[in-house]
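J.: The structure follows.
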Amino acid sequence: MIATKKLSSGAHTGTNVTVQRIMWQVILAITPATALGLFYFGWPAVNLFIITILSAILFEAFCLRLAGKVAISAILDGSALLTGWLVAMTLPPWAPWWIGVAGSGVAIILGKQVYGGLGQNLFNPAMLARVALLISFPIEMTTWANVAPINSSHAPNFSESWSITFSGLDTMAPIDAITGATTLGFVKTEFSQKHLLPDILADYSLFFDFLGWTRGSLGETSALLLGLGGLWLIRQGVIKWHIPVSLLLTVTVLSGFFHLMDSHHYLTPLVHLNSGALMCVAFFIATDYVTSPNTPAGQLVFGMGCGLLIFVIRTWGAYPEGAGFAVLLMNAATPLIDHYIKPRIYGRYRNGKPLEPKTVEQERKS
Amino acid sequence: MLKLFKKRRIRGGVHAEEHKASTSGQPIAVDFPLPKKLYIPLQQHVGKAAEPVVRVGDRVLKGQLLAHSQGMISAPVHASSSGMIVDINDYPAPHPSALPIRTVVLETDGEDKWLEQPLAGDPFQLDPEEISLLVGAAGIVGLGGAAFPSAVKLNLGRKNKIHTLLINGGECEPYLTCDDRLMQERAVEIIDGIRLMLHGMETGQAIVGIEDNKPAAYQAMQDASLPYPFIKVEQVPTRYPMGWDRQLIRYLTGNEVPAGGRSADVGVIMHNVGTAYSVHKAIRLNQPLINRVVTVAGGAVALPMNIEVPIGTLISELFAFCGVDQDATQRIVMGGPMMGDALPHSNLPIVKASSGILALTRKEIRSTAQQPCIRCAQCVSACPAGLLPLDMANRIRNNQLDAAVDIGLKDCISCGSCSYVCPSNIPLVHYFKYATGELVARQQAQHKSEQTKRLIDDRNARIARIKKQQEEEEEARLAAKAERERLKNEQGTLA
Chain S
-3 MIATKKLSSG AHTGTNVTVQ RIMWQVILAI TPATALGLFY FGWPAVNLFI ITILSAILFE
57 AFCLRLAGKV AISAILDGSA LLTGWLVAMT LPPWAPWWIG VAGSGVAIIL GKQVYGGLGQ
117 NLFNPAMLAR VALLISFPIE MTTWANVAPI NSSHAPNFSE SWSITFSGLD TMAPIDAITG
177 ATTLGFVKTE FSQKHLLPDI LADYSLFFDF LGWTRGSLGE TSALLLGLGG LWLIRQGVIK
237 WHIPVSLLLT VTVLSGFFHL MDSHHYLTPL VHLNSGALMC VAFFIATDYV TSPNTPAGQL
297 VFGMGCGLLI FVIRTWGAYP EGAGFAVLLM NAATPLIDHY IKPRIYGRYR NGKPLEPKTV
357 EQERKS
Chain C
8 MLKLFKKRRI RGGVHAEEHK ASTSGQPIAV DFPLPKKLYI PLQQHVGKAA EPVVRVGDRV
68 LKGQLLAHSQ GMISAPVHAS SSGMIVDIND YPAPHPSALP IRTVVLETDG EDKWLEQPLA
128 GDPFQLDPEE ISLLVGAAGI VGLGGAAFPS AVKLNLGRKN KIHTLLINGG ECEPYLTCDD
188 RLMQERAVEI IDGIRLMLHG METGQAIVGI EDNKPAAYQA MQDASLPYPF IKVEQVPTRY
248 PMGWDRQLIR YLTGNEVPAG GRSADVGVIM HNVGTAYSVH KAIRLNQPLI NRVVTVAGGA
308 VALPMNIEVP IGTLISELFA FCGVDQDATQ RIVMGGPMMG DALPHSNLPI VKASSGILAL
368 TRKEIRSTAQ QPCIRCAQCV SACPAGLLPL DMANRIRNNQ LDAAVDIGLK DCISCGSCSY
428 VCPSNIPLVH YFKYATGELV ARQQAQHKSE QTKRLIDDRN ARIARIKKQQ EEEEEARLAA
488 KAERERLKNE QGTLA
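So the protein sequences, as listed, match chains S and C.
Counting from -3, one number per residue, gives the positions in the first sequence under my numbering.
Counting from 8, one number per residue, gives the positions in the second sequence under my numbering.
In structure tokens:
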């Protein structure tokens, strides 16, 4: 006789997909874009990246200890690492160390653990951190370093990098020589001086932008690598296509429409798709399971909402980039979307009433 | 075109790892040594338990009636071999609880001697009702796992003007290949059983649905059905739970069974291929349902196989025959790994519904720790019923059972697809089964308290009525007395 303990209902077997595996797959997908960002922006970016991730893990461990949970197993699921990583990707690459620490603190403590930890939060932690930092520290959060790849002639050496990270950019003079505006920021300022697009974008190179050779957040500049990583995630079945496609399509259609109407005042869809946080948000932020709708239809609505808000804020808002705000607003709408958009239950109409059985006569007719 | 499009729809489901190769290629073993003792439970079906007609000490022949059915929904039980009845008592049931149920213990004499019975003649000359009666008397129940008495379904078919008999050859559960082998080896008999069922239900056509991962079975069934144009054999995609009756009905006929209704509402009734085979044996050979093909598989099984065994064989004996490694066995499952029941030990008998017995190893049963739900919605995509397993589980965890019912708990079919895909290894089906059971318990408790209240109210009313009656009687008595007094006085004055 064989006796076994611990009985449970089916399924008695399962897929080999685990939370940990999902987290690592996402991390793998954002690694190329991050690596490129670290290379382009050099050692200060590397410092900031490491500090942000380490502090995210420490905050996570601290909160878990406080809650009386076993910290080590929860840390091994990789979610804090991923959150810290995403926060780092959205920061200006030469931001001082405390920006990274504050960002991780907001993301992990306010964005995730106060709600009860993994799976409980209403807002995407990384976007919450980004928006909180942007509002609290507008200078640090909009100081964009020029591209200066590691070992290139303009790149800061190791000790200079150290002082950029820990003493701030002010120690580096002249600051204007090594920083500038992002494409979207530049366009916004030029518009305020009544300049028109053909003049504003005279020096703009779509190709360099596409490869990530442009000023911007640490891991957000390469639309190419982010897009490839995202497509790989879809192929792996980690994310579904609904949110990225509806989000990008909405931005494309809206910007295309306005650009056709008035090409002097509205950017082409290509610049929109290439710039700012759009690709990163579309594939890695808006697709966050916890804060996006559960059903494919709901996800389409969510993606469209994000796309619409991003376009509106970029075009008519005070900020050059609206991705963070857009995602947070749609996060807030997610419970509502999930409430109204539900799958139809087998044998029932959408309103929940049982189907009317088709009689044999009706069927013969049809 | 529109109809074609409408017809081919599958929703949800999972493509589970099949694990069928180890048993699907070898013939059904028929050399299982007759066990010394058979433990034949009196309830192996949905409905009322059968009532024994034999006593301890009786000698019985193979196929002889041991217990007859009770009431509308029930099924009789027969002797799986010849020998002596040594006990009729409570023994553990093949169920996760292993709670005792009434069981007939038959000590076999080794002769395996059949009870001689005259054959009924050409069954197609019989009345359709006669077919139902024969099927009922043979103790046939749904062999796909549900164990619903088949005769009841045949009667339902006659009463409801069923246009199509669907035969489920899907066998979508991983590991199981008993139906696959049965179709490969005994297709002619199955087709004959289908013809008999059609006659019994007075239904014109039958469609057999077979998952496309069983090409050999499909070919065999196709060949066997050739002479009968009213029996169509169709391939269906391999996607669990294709064998869910409503999934197969929608796929093959395009109709959706209304919630709370029965498949008969859309003119369809479904039986399993094993059931069709049993009908053939019952009517053509006069053999009641006393044995069945069982898949024995799983990582801990040295010699996985399909094997025909008498009902009442202990699983432990089956395991010994198939070389099951006791130490490697982490979980014993009766049925498939998706919907089957985990059994606490192996000293339990094979019953009519035992399609498979699995001895699963630690590696196979996914032993990763449970993690928080990350709302990945894999369960939503996997649910064939269109439910939101994650939200239901959440509500149940917060003890909001009625709120879980509001979003479709009662439409859950416990197919296990959600649990299968969950990356956090949350036992979702366990939640749903708990909630369903708890709701029934609460309903019963409420019913009981209402009943008690009614009894108390009745009692109070009764007491009040009696009291009033007594008062009235007293009044009448007093009135009568007064009357008598008056009369007496009158008489007195007269005198």
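All C-beta atoms, glycine included, are put in the ideal place defined by N, C-alpha and C.
Please report the distance separating the alpha-carbon of S/V247 from that of S/I239.
T.: In the first sequence, counting from the first residue as 1, residue 247 of chain S sits at position 251. In the first sequence, counting from the first residue as 1, residue 239 of chain S sits at position 243. If you take the alpha carbons of S/V247 and S/I239, they lie about 12 Å apart.
J.: Closest to S/I230 by C-alpha separation, out of S/V22, S/A7 and S/G10, would be which residue?
T.: Stepping through the first sequence from its first residue, residue 230 of chain S is reached at position 234. Among S/V22, S/A7 and S/G10, the Cα nearest to that of S/I230 is on S/V22.
J.: Using DSSP bridges, identify the partner residues of C/W121.
T.: Start at 1 with the first residue of the second sequence, and residue 121 of chain C comes out as number 114. Note: C/W121 sits in a beta bridge opposite C/K69.
J.: List, in order along the chain, the chain C residues whose C-beta lies closer than 8 Å to that of S/P121?
T.: Locating residue 121 of chain S in the first sequence gives position 125, counting from the first residue. Within chain C, no residue comes near S/P121; the closest Cβ sits about 13 Å away, beyond 8 Å.
J.: State yes or no: is the beta carbon of S/I371 nearer than 8 Å to at least one beta carbon in chain C?
T.: Residue coverage of chain S in this structure runs from -3 to 362, which leaves residue 371 of chain S outside it and unanswerable.
J.: Which residues mark the beginning and the end of the alpha helix (DSSP H) in which S/V249 is found?
T.: Taking the first sequence and counting its residues from 1, one reaches residue 249 of chain S at position 253. First-last of the alpha helix (DSSP H) with S/V249: H238 to M257.
J.: Give, in chain order, every residue of the stretch 333 to 354 of chain C whose Cβ lies closer than 7 Å to some Cβ of chain S.
T.: Here the close residues are Q333, T336, Q337, R338, I339, V340, P344, M345, M346, G347, A349, P351, H352, S353 and N354.
J.: In terms of residues, what are the limits of the beta strand (DSSP E) holding C/Y46?
T.: Indexing the second sequence from 1 puts residue 46 of chain C at position 39. Residues K44 to P48.
J.: With C-beta atoms as the reference, is C/V67 less than 8 Å away from C/L203?
T.: The residue given as residue 67 of chain C occupies position 60 in the second sequence. The residue given as residue 203 of chain C occupies position 196 in the second sequence. Their beta carbons are not under 8 Å apart, which means C/V67 does not touch C/L203 by this criterion.
J.: Which whole-angstrom value is the C-beta distance of C/V111 and C/I95, which I expect to be below 8 Å?
T.: Indexing the second sequence from 1 puts residue 111 of chain C at position 104. Indexing the second sequence from 1 puts residue 95 of chain C at position 88. Contact holds; Cβ gap of about 5 Å.
J.: Taking the beta strand (DSSP E) that C/N96 belongs to, which residues open and close that run?
T.: Stepping through the second sequence from its first residue, residue 96 of chain C is reached at position 89. Where C/N96 is concerned, the enclosing beta strand (DSSP E) stretches over G90 to P99.
J.: At 8 Å on the CB atoms, spell out the chain C contacts of S/Y336, in chain order.
T.: Here residue 336 of chain S is taken as the residue at index 340 of the first sequence, counted from 1. Chain C residues near S/Y336: none, gap ~13 Å exceeds 8 Å.
J.: For S/T86 and S/W312, what's the separation of their Cα atoms in angstroms?
T.: Counting from 1 along the first sequence, the entry for residue 86 of chain S is found at position 90. Counting from 1 along the first sequence, the entry for residue 312 of chain S is found at position 316. Between S/T86 and S/W312, the C-alpha separation is close to 22 Å.
J.: I think C/A224 touches C/D187, with their Cβ atoms under 8 Å apart; what is that distance to the nearest whole Å?
T.: Here residue 224 of chain C refers to the residue found at position 217 when the second sequence is read from its first residue. Here residue 187 of chain C refers to the residue found at position 180 when the second sequence is read from its first residue. About 5 Å separates the two Cβ atoms, so the contact holds.
J.: Is the Cβ-Cβ distance between C/P99 and C/N354 less than 8 Å?
T.: Locating residue 99 of chain C in the second sequence gives position 92, counting from the first residue. Locating residue 354 of chain C in the second sequence gives position 347, counting from the first residue. Yes. Within cutoff.
J.: Any C-beta of chain S sitting closer than 8 Å to the C-beta of C/P430?
T.: Against the second sequence, residue 430 of chain C aligns to sequence position 423. For C/P430, the answer is yes, since a Cβ of chain S falls inside 8 Å of its Cβ.
J.: In terms of residue numbering, what span does the alpha helix (DSSP H) encompassing C/M346 cover?
T.: Here residue 346 of chain C refers to the residue found at position 339 of the second sequence. Per DSSP, C/M346 belongs to no alpha helix (DSSP H) and is neither H nor E.
J.: Could you check what DSSP says for C/G176 in three-state terms: helix, strand or coil?
T.: Counting from 1 along the second sequence, the entry for residue 176 of chain C is found at position 169. DSSP places C/G176 in strand when its eight states are reduced to three.
J.: Using a 10 Å radius around the Cβ and a threshold of 16 neighbouring Cβ atoms, would you call C/E196 buried or exposed?
T.: In the second sequence, residue 196 of chain C corresponds to position 189, counting from 1. When all chains shown are included, C/E196 counts as buried.
J.: When the Cα of C/H102 is compared with those of C/S157, C/V61, C/V340 and C/Q407, which residue comes out closest?
T.: The residue you call residue 102 of chain C lines up with position 95 of the second sequence. Nearest option by C-alpha distance: C/V340.
J.: Pairs of beta-carbons, one from the stretch 89 to 99 of chain S and one from the stretch 57 to 70 of chain S, closer than 8 Å: are there three or more?
T.: In short, these stretches do not touch, since the Cβ pair count stays below three.
J.: Identify every run of the alpha helix (DSSP H) within the stretch 246 to 296 of chain C, keeping only runs that are complete inside it and at least 4 residues long; order them along the chain.
T.: Fully enclosed alpha helix (DSSP H) runs of 4 or longer: 252 to 260 and 280 to 291.
J.: Among S/A144, S/F204, S/I95 and S/L118, which has the Cα closest to the Cα of S/S163?
T.: In the first sequence, counting from the first residue as 1, residue 163 of chain S sits at position 167. Checked all of S/A144, S/F204, S/I95 and S/L118; the closest Cα to S/S163 is S/I95.
J.: Within 8 Å (strictly less), CB to CB, does S/V277 reach chain C?
T.: By 1-based counting over the first sequence, the position of residue 277 of chain S is 281. For S/V277, the answer is no, since every Cβ of chain C falls outside 8 Å of its Cβ.
J.: Would you check if the stretch 360 to 370 of chain C and the stretch 266 to 274 of chain S touch, i.e. whether three or more CB-CB distances between them fall below 8 Å?
T.: No: the two stretches stay apart, fewer than three of their Cβ pairs being nearer than 8 Å.
J.: If the criterion is Cβ atoms closer than 8 Å, does the pair C/V142 and C/G207 meet it?
T.: Here residue 142 of chain C corresponds to residue number 135 of the second sequence, with the count starting at 1. Here residue 207 of chain C corresponds to residue number 200 of the second sequence, with the count starting at 1. The answer is yes: Cβ separation under 8 Å.
J.: Could you tell me the distance, in whole angstroms, from the CA atom of C/K370 to the CA atom of C/A23?
T.: As a position in the second sequence, residue 370 of chain C is number 363, starting the count at 1. As a position in the second sequence, residue 23 of chain C is number 16, starting the count at 1. Cα-Cα distance, rounded: 15 Å.
J.: Does the beta-carbon distance from C/T260 to C/T171 come in below 8 Å?
T.: For the purposes of this step, residue 260 of chain C is identified with residue 253 of the second sequence, where counting begins at 1. For the purposes of this step, residue 171 of chain C is identified with residue 164 of the second sequence, where counting begins at 1. In contact: C/T260 and C/T171 (Cβ atoms closer than 8 Å).
J.: Would you say S/H238 reaches chain C, if we count a Cβ-Cβ gap shorter than 8 Å as a contact?
T.: In the first sequence, residue 238 of chain S corresponds to position 242, counting from 1. No, no contact with chain C.
J.: Is there a C-beta anywhere in chain S that falls below 8 Å from the one on C/G268?
T.: Taking the first residue of the second sequence as position 1, residue 268 of chain C is located at position 261. Chain S contact via Cβ: present.
J.: Could you list which residues in chain S have their beta carbon closer than 7 Å to that of C/T375, in chain order?
T.: On the second sequence, position 368 is the one that residue 375 of chain C refers to. In chain order: T14.
J.: Can you check whether the C-beta of C/D418 is within less than 8 Å of a C-beta belonging to chain S?
T.: Position 411 of the second sequence holds residue 418 of chain C. Cβ-Cβ to chain S under 8 Å: yes for C/D418.
J.: Could you work out which residues of chain S lie near C/V387, taking near to mean beta carbons separated by less than 8 Å?
T.: As a first step, residue 387 of chain C must be located in the second sequence, where it is residue number 380. Within 8 Å Cβ-Cβ: N290, T291 and P339.
J.: Identify the continuous beta strand (DSSP E) that holds C/L365 and give its terminal residues.
T.: Locating residue 365 of chain C in the second sequence gives position 358, counting from the first residue. Unbroken beta strand (DSSP E) run through C/L365: G363 to L367.
J.: Let me know if C/I470 comes out buried or exposed under the rule of 16 or more other beta-carbons within 10 Å of its beta-carbon.
T.: For the purposes of this step, residue 470 of chain C is taken as the residue at position 463 of the second sequence. Exposed is the call here.
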